[in-house]
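Undergrad: Please see the structure below; I have some questions.
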Amino acid sequence: MTPMSRVMCISGVELLADYLEGQLSPEVTASLEQHVLGCERCQAFVASYQATPAILRNATEAVLPEDLRESLADWVRKMGSGE
Numbered sequence: 000m001t002p003m004s005r006v007m008c009i010s011g012v013e014l015l016a017d018y019l020e021g022q023l024s025p026e027v028t029a030s031l032e033q034h035v036l037g038c039e040r041c042q043a044f045v046a047s048y049q050a051t052p053a054i055l056r057n058a059t060e061a062v063l064p065e066d067l068r069e070s071l072a073d074w075v076r077k078m079g080s081g082e
C-alpha cells in the first residue's frame with residue numbers, strides 16, 4: 000500500500016457512513032468508489048460495514064434458555080438494588 004493509498008483509506012473510513020447513506024457530493028462519492036475498486040482492504044471494510052446491521056439483527060433474535068434468562072434477570076435485579 001502506498002502512502003497516498005493509506006491516506007485515502009483513512010479518509011475513506013471517516014466518510015464511510017455518509018457514503019453508505021448517500022450523503023456525499025457526487026465528486027467525493029466518485030473518488031471514494033474509485034479508491035475502493037482498487038483497494039482490497041477497503042472493499043473488505045465496506046462489506047463488513049454493510050453487513051453489520053444484519054449481524055446485529057440476527058444476534059438479537061437469539062433466544063436464551065429459560066434458566067439462563069431467569070438467572071440473568073435475578074442478577075440484574077440484585078445489581079439494581081445494590082446488593
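All letters in the sequence shown, in the order written, are residues 0 to 82 by numbering that gives the first Met the number 0. Beta carbons are placed, not taken as given, at the ideal position from N, Cα and C, and that holds for glycine. Treat the numbers as computed from the prediction; the structure is a model and nothing was measured.
#1: Look at the Cβ atom of V45, then the Cβ atom of L15, and state whether they are nearer than 8 Å.
#2: If you draw a straight line from the C-alpha of Q42 to the C-alpha of S70, how long is it?
#3: If you draw a straight line from the alpha carbon of H34 to that of V27, how long is it in whole angstroms?
#4: Less than 8 Å between the C-beta atoms of R40 and C8, yes or no?
#5: Taking Cβ to Cβ, would you say Y48 is nearer than 8 Å to L19?
#6: Leaving out the 5 sequence neighbours to the left and right, which residues in its chain are closer than 6 Å to D17 when beta-carbon positions are compared?
TA: Reading off the structure:
#1: Less than 8 Å separates the beta-carbon of V45 from that of L15.
#2: Each residue's alpha carbon lies about 42 Å from the other.
#3: Near 11 Å, if we compare the C-alpha coordinates of V27 and H34.
#4: The Cβ atoms of R40 and C8 lie closer than 8 Å to each other.
#5: The Cβ atoms of Y48 and L19 sit closer than 8 Å to each other.
#6: If you ignore the 5 residues before and after D17, its C-beta comes within less than 6 Å of the C-beta of L23, all in its own chain and listed in chain order.
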